[in-house]
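J.: Top line first, the protein sequences correspond to chains A and B.
For the first sequence, our numbering gives the first residue as 803, with consecutive numbering after it.
For the second sequence, our numbering gives the first residue as 89, with consecutive numbering after it.
Quick one: the structure is below, questions incoming.
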Amino acid sequence: MKIELKVNGKRERREVPPSRTLLELVREDLGLTGTKAYCHSGICGACTVLLDGAAVSSCSLLAAQADGAEVTTIEGLAADGALHPIQQAFIDHFGFQCGYCTPGMVLLTKALLDEVPEPTREDIVRYMGGNICRCTGYAGILASVEAAAKALSTKD
Amino acid sequence: MPTLEAADKVTGATLYVGDLVVPGMAHAKVLRSPLPHARVVSIDAAEARALPGVVCVLTRDEVAAAGIEPVYGFVYRDAPLVALDKVRYQGDIVAVVVADDLATAEAALELIEVDYDELEPVMDVDAALADGAPLVHDTFSPIAPELRPVEGTNVCHRASIAWGDVEAGFREADRIYEDTFSAPPVQHCALDLHACVAAIEDGAITVWTNCQSPFPLQRELQRIFKMDARVIVPYVGGGFGSKSRDRLECVVTAAAQLAGRPVRLVLTQEETFLTFIRPAYRGTIKTGVKDDGTIVARHVRFTVDVGAYAISGARSANNTLKVATGPYRIPNALVECDAVYTNKPPSAPYRGLPTTQHTMAYETQLDRIARDLGIDPVELRMRNLVVDGDVHITGDLLRSTHAKECLEAAAAGIDWGKPSERPDKPAKLRGKGVSCTIKYTLTPPTRLSENGAEIELREDGLFEVRIGTVNIGQGSDTTMAQIAADGLGVGLDRIRVVHSDTALVPVDSSTTASRSTYHMGNAVLDAAAKLTADVLAVASQLLERDAASLALGPDGVEADDGESISYEELVRRSGGPLTALGECVVGGTYTAPDGTEYPIASTFWSFASAAAEVEVDTDTGEVRVLRMGAASNVGKAVNPDSVRTQLEGGVGMELGPTLFEQLVWDEGGQLLTAALMDYPLPTMETSPLYRPEIIEHPLEGGPFGAKGMGEIGSVITPAAVLNAVYDATGVMFHEVPLLPHKVLAALEGRK
Numbered sequence: 803m804k805i806e807l808k809v810n811g812k813r814e815r816r817e818v819p820p821s822r823t824l825l826e827l828v829r830e831d832l833g834l835t836g837t838k839a840y841c842h843s844g845i846c847g848a849c850t851v852l853l854d855g856a857a858v859s860s861c862s863l864l865a866a867q868a869d870g871a872e873v874t875t876i877e878g879l880a881a882d883g884a885l886h887p888i889q890q891a892f893i894d895h896f897g898f899q900c901g902y903c904t905p906g907m908v909l910l911t912k913a914l915l916d917e918v919p920e921p922t923r924e925d926i927v928r929y930m931g932g933n934i935c936r937c938t939g940y941a942g943i944l945a946s947v948e949a950a951a952k953a954l955s956t957k958d
Numbered sequence: 089m090p091t092l093e094a095a096d097k098v099t100g101a102t103l104y105v106g107d108l109v110v111p112g113m114a115h116a117k118v119l120r121s122p123l124p125h126a127r128v129v130s131i132d133a134a135e136a137r138a139l140p141g142v143v144c145v146l147t148r149d150e151v152a153a154a155g156i157e158p159v160y161g162f163v164y165r166d167a168p169l170v171a172l173d174k175v176r177y178q179g180d181i182v183a184v185v186v187a188d189d190l191a192t193a194e195a196a197l198e199l200i201e202v203d204y205d206e207l208e209p210v211m212d213v214d215a216a217l218a219d220g221a222p223l224v225h226d227t228f229s230p231i232a233p234e235l236r237p238v239e240g241t242n243v244c245h246r247a248s249i250a251w252g253d254v255e256a257g258f259r260e261a262d263r264i265y266e267d268t269f270s271a272p273p274v275q276h277c278a279l280d281l282h283a284c285v286a287a288i289e290d291g292a293i294t295v296w297t298n299c300q301s302p303f304p305l306q307r308e309l310q311r312i313f314k315m316d317a318r319v320i321v322p323y324v325g326g327g328f329g330s331k332s333r334d335r336l337e338c339v340v341t342a343a344a345q346l347a348g349r350p351v352r353l354v355l356t357q358e359e360t361f362l363t364f365i366r367p368a369y370r371g372t373i374k375t376g377v378k379d380d381g382t383i384v385a386r387h388v389r390f391t392v393d394v395g396a397y398a399i400s401g402a403r404s405a406n407n408t409l410k411v412a413t414g415p416y417r418i419p420n421a422l423v424e425c426d427a428v429y430t431n432k433p434p435s436a437p438y439r440g441l442p443t444t445q446h447t448m449a450y451e452t453q454l455d456r457i458a459r460d461l462g463i464d465p466v467e468l469r470m471r472n473l474v475v476d477g478d479v480h481i482t483g484d485l486l487r488s489t490h491a492k493e494c495l496e497a498a499a500a501g502i503d504w505g506k507p508s509e510r511p512d513k514p515a516k517l518r519g520k521g522v523s524c525t526i527k528y529t530l531t532p533p534t535r536l537s538e539n540g541a542e543i544e545l546r547e548d549g550l551f552e553v554r555i556g557t558v559n560i561g562q563g564s565d566t567t568m569a570q571i572a573a574d575g576l577g578v579g580l581d582r583i584r585v586v587h588s589d590t591a592l593v594p595v596d597s598s599t600t601a602s603r604s605t606y607h608m609g610n611a612v613l614d615a616a617a618k619l620t621a622d623v624l625a626v627a628s629q630l631l632e633r634d635a636a637s638l639a640l641g642p643d644g645v646e647a648d649d650g651e652s653i654s655y656e657e658l659v660r661r662s663g664g665p666l667t668a669l670g671e672c673v674v675g676g677t678y679t680a681p682d683g684t685e686y687p688i689a690s691t692f693w694s695f696a697s698a699a700a701e702v703e704v705d706t707d708t709g710e711v712r713v714l715r716m717g718a719a720s721n722v723g724k725a726v727n728p729d730s731v732r733t734q735l736e737g738g739v740g741m742e743l744g745p746t747l748f749e750q751l752v753w754d755e756g757g758q759l760l761t762a763a764l765m766d767y768p769l770p771t772m773e774t775s776p777l778y779r780p781e782i783i784e785h786p787l788e789g790g791p792f793g794a795k796g797m798g799e800i801g802s803v804i805t806p807a808a809v810l811n812a813v814y815d816a817t818g819v820m821f822h823e824v825p826l827l828p829h830k831v832l833a834a835l836e837g838r839k
């Protein structure tokens, strides 16, 4: 079946089997390997992408469900080679070690801060609790999200 | 400071094995045994082979026809590439299908008919050790010389160490305590799934994999296939021991050989649970003390459930004999272990190995002793903790200990001595607990160097550091780059790191056991010193100055009279890049300043403490960890941010097995907790406030005095939490995880 969508601002048209997941479309058909896979069951969040701005587990969506939508993957966050403030915050506050969960965490943070620009610590913990990290114990991730919120609120 | 690869990781540019595409590559899927123990009578793959898109199916027949060695393992050679006569756990590898795409490979799996003759399984250590128990392996095949199997049993290794006279010690004791502790299997759950791509071209093998031991794997591939092999390990998304040994690479290479094409295998998350797990542990600890709390004797007997293939589980049990009695002055000790085969997935090292469970055992018992004697738990520890100059139960002289300082720092992190804040309802109880530990690192039995590091001054004026250390997320490239920069006396911007490609870097034994900062760091320093001497010698000729008046500067070699030559020009005029190879010699004996010679059972010993503040909800049985203090004497923190985050990460990871993670099998040998849906992992919601403290007392012989510490946060965690729960409720738990229904049952029992 034919689908047409925007990925990182670029229009893409693809012919895919009906069972194709959004994750497979992104990684294999579009070669964007920044989005990762672990549980393939919508639990861990490693495959998080933004679908019309909302954070979704791309392993649990059919590519067909993204027809006509705007998808943002980690590759689409930085503008012209400059790091997004969220990405810079994750670097400055040690929000990752092995980096495997990081694309998903960064995009989930974007979705959080778009929805709740001045989150409390409880807001952050509840929202980010959906994504798994095995390396950091989450201390660095919490610090990164708090720093990103500050950076984005002082930007304008 | 952030790691060198930080920008790539936040932009998704870092490539892990699962992201790699090799031209012409086909896709593999594994056919796994549905039974825990059975003879494989026949395998019929004809229908699978006939499916359009299937390239080949590899079974024991194809392995035999190819004339390759059918069994692998460099510590214990007991794991077949694919099942030969038997399958030994539910999930064991029976065949490998190679197809043009994954969907076809999956469909082909359904078409393979296997005829099994079921055998009685042994699903735990008790069953495996019972009289007349079925044998998982009919013959033993240990490779490492220290392994001692017991013929006619499922014990693949039995060993002990003794110090003093433990029976005499118990006779001297005023009181004797005996407790048994246990921990079930769990899984590492590194998000980067086990994966490899194997290709054979011009009679040579290339394997891309996320294995933490590329050089031993290379040797195994060369032995099995009798051809040259190159192993390339890119960035790895977490290992924690689950990738410390090879498990897939040999069979995927055999599949590639049969297919005549490169083959990629990426496991599913469910398959990782059937690949490597943390072994089940049970230990009985008997301790004799004087009334003033002085420990006079300790006897530990423990078993490690290695699963179906020992691959590495037997040696892990053996290695922890030397830490089972704890960081305490103990004049009489006996430690005995059995590593036992069962029909469960093979065990792999898991961050801290049984050192974590030993710590849980001796520390939890120690709090019981403290309560019984009426001595504060911290005070009791202070009376017994080792100090520099003490001799351990292995005969080693202990240096760079400072265990007491670690305990003080960890305890301070949770305001030890001050009562907890009042919880929000009366059914909630709060408590505080501490733990101390001693950890070893992998150490050879004789004096030798197990790893090298190479540094090259390139034509572009940059220094390329080549190391076998696998970057699993612990920041190893950055740590080694910092050591190289400091050793050479140049800026970090002049350093490039090449890692874990057997064709490009010197040999390294493994990235495990917290060994890399010390061993690879020293090799890098050694290479830096040798290269500096060579560069200065060349510069001395080119500048016509005495080498003693020259030094490496930020952009080139500088003479003390202001004359200089850039690195680029030096390389050009000397006819090519300059390279130096460094090593790290360990093992043998240690001669103290007073001339006494001591054995070296561990190249360095690590000391750390944790302190936990918990809240137990007596209505629901839920245990929440509010704060965790953790302090470790790391000798020298080369990258303090890396050290701090490794402490936090180790603690955070181990809270899972402490509170809710466990793998469970039914009596028929089927894994019930088969996927993430059945296996909760720590999230930001379950995480405590961390209070990590870095203690630095330089270790003689460490690079800038540093020792490794990647595992220590995990090792100290369960004990501190159990002790905090004991403080809060008066109930002493002997096993983990602290599931709510178990906590409720124990609280009921206390009433």
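Every residue, glycine too, gets a C-beta built ideally from N, C-alpha and C.
Because the structure is a prediction, the values reported are computed rather than measured.
So which residues of chain A does residue 278 of chain B contact, with C-beta pairs closer than 7 Å?
T.: 936
J.: Tell me whether residue 741 of chain B is buried or exposed, calling it buried when 16 or more other Cβ atoms sit within 10 Å of its Cβ.
T.: buried
J.: Pick out whichever of A/845, A/855 and A/807 has its Cα sitting closest to the Cα of residue 915 of chain A.
T.: A/855
J.: Using a Cβ cut-off of 8 Å (strictly closer), state whether residue 812 of chain A contacts chain B.
T.: Taking Cβ atoms only, chain B never reaches closer than 8 Å to residue 812 of chain A, which makes this a no.
J.: Looking only at its own chain, which residues have a Cβ that is under 8 Å from the Cβ of residue 761 of chain B, when we skip the five neighbours before and after it?
T.: 361, 750, 751, 752 and 767
J.: Is the separation between the beta-carbon of residue 626 of chain B and that of residue 587 of chain B shorter than 8 Å?
T.: no
J.: Please say whether residue 264 of chain B and residue 258 of chain B have beta carbons closer to each other than 8 Å?
T.: yes
J.: Let me check one thing: in DSSP terms, what residues is residue 850 of chain A bridge-paired to?
T.: Per DSSP, A/859.
J.: For residue 125 of chain B, name the three-state secondary structure that DSSP assigns.
T.: coil
J.: For residue 797 of chain B and residue 337 of chain B, what's the separation of their Cα atoms in angstroms?
T.: 29 Å
J.: Does DSSP put residue 219 of chain B in a helix, a strand or coil?
T.: coil
J.: Could you spell out where the beta strand (DSSP E) holding residue 887 of chain A opens and where it closes?
T.: Segment 887 to 894 is the alpha helix (DSSP H) holding residue 887 of chain A; no beta strand (DSSP E) there.
J.: With 8 Å as the C-beta to C-beta threshold (strictly closer), list the residues of the segment 857 to 889 of chain A near chain B in chain order.
T.: Answer in chain order: 875, 876, 877, 879, 880, 885 and 889.
J.: What does a CB cutoff of less than 8 Å around residue 497 of chain B pick up in its chain, not counting 5 residues either side in sequence?
T.: 697, 717, 719, 781 and 783
J.: Between residue 800 of chain B and residue 694 of chain B, is the Cβ-Cβ spacing less than 8 Å?
T.: Contact: yes.
J.: Does DSSP put residue 818 of chain B in a helix, a strand or coil?
T.: DSSP places residue 818 of chain B in coil when its eight states are reduced to three.
J.: Whose CA, out of B/811, B/764 and B/135, lies closest to the CA of residue 192 of chain B?
T.: The option with the nearest alpha carbon to residue 192 of chain B is B/135.
J.: Which residue's Cα is closest to the Cα of residue 312 of chain B: B/160, B/242 and B/210?
T.: B/160
J.: Alpha carbon to alpha carbon, how far is residue 897 of chain A from residue 859 of chain A?
T.: For residue 897 of chain A and residue 859 of chain A, the distance between alpha carbons rounds to 20 Å.
J.: Return yes when the Cβ of residue 573 of chain B is within less than 8 Å of the Cβ of residue 702 of chain B, no when it is not.
T.: no
J.: Below 8 Å, how does it come out for the segment 318 to 338 of chain B and the segment 586 to 602 of chain B: are there three or more Cβ pairs, yes or no?
T.: yes
J.: If we cut at 8 Å on Cβ distances, does residue 943 of chain A have a partner in chain B?
T.: yes
J.: In whole angstroms, what separates the C-alpha of residue 235 of chain B from that of residue 247 of chain B?
T.: In this structure, the alpha-carbon of residue 235 of chain B lies about 8 Å from that of residue 247 of chain B.
J.: Beta-carbon within less than 7 Å of residue 731 of chain B's beta-carbon, same chain only, minus the 5 sequence neighbours each way: which residues are those?
T.: If we look at residue 731 of chain B and ignore the five residues flanking it on each side, its Cβ neighbours are 722, 725, 782 and 797.
J.: Looking at residue 824 of chain B: is its Cβ nearer than 8 Å to the Cβ of residue 834 of chain B?
T.: no
J.: Determine the burial state of residue 387 of chain B: buried for a count of at least 16 other Cβ atoms within 10 Å of its Cβ, exposed for fewer.
T.: buried
J.: Under a three-way DSSP split, which group does residue 441 of chain B fall into?
T.: coil
J.: Please identify the residue among A/934, A/939, A/938 and A/927 whose C-alpha is closest to the C-alpha of residue 948 of chain A.
T.: A/927
J.: Okay, do the segment 428 to 442 of chain B and the segment 327 to 347 of chain B touch, 3+ Cβ pairs below 8 Å being the bar?
T.: yes
J.: I'd like to confirm the pairing. Which residues does DSSP put opposite residue 840 of chain B in its beta bridges?
T.: This structure cannot settle anything about residue 840 of chain B, because the visible part of chain B is limited to 89 through 839.
J.: Residue 472 of chain B by DSSP, collapsed to three states: which one?
T.: helix
J.: Looking at the strands, I want to know which residues DSSP matches up with residue 296 of chain B.
T.: Per DSSP, the beta-bridge partners of residue 296 of chain B are B/285 and B/320.
J.: Which value, in whole angstroms, describes the spacing of the CA atoms of residue 186 of chain B and residue 308 of chain B?
T.: 22 Å
J.: For the putative contact between residue 119 of chain B and residue 183 of chain B, defined by C-beta atoms under 8 Å, what is the C-beta separation to the nearest angstrom?
T.: 4 Å
J.: Quick one: which chain A residues come within Cβ less than 9 Å of residue 820 of chain B?
T.: Neighbours of residue 820 of chain B on chain A: none; closest Cβ ~26 Å, over 9 Å.
J.: Please state whether DSSP places residue 237 of chain B in a helix, a strand or coil.
T.: Three-state DSSP puts residue 237 of chain B in coil, outside helix and strand.
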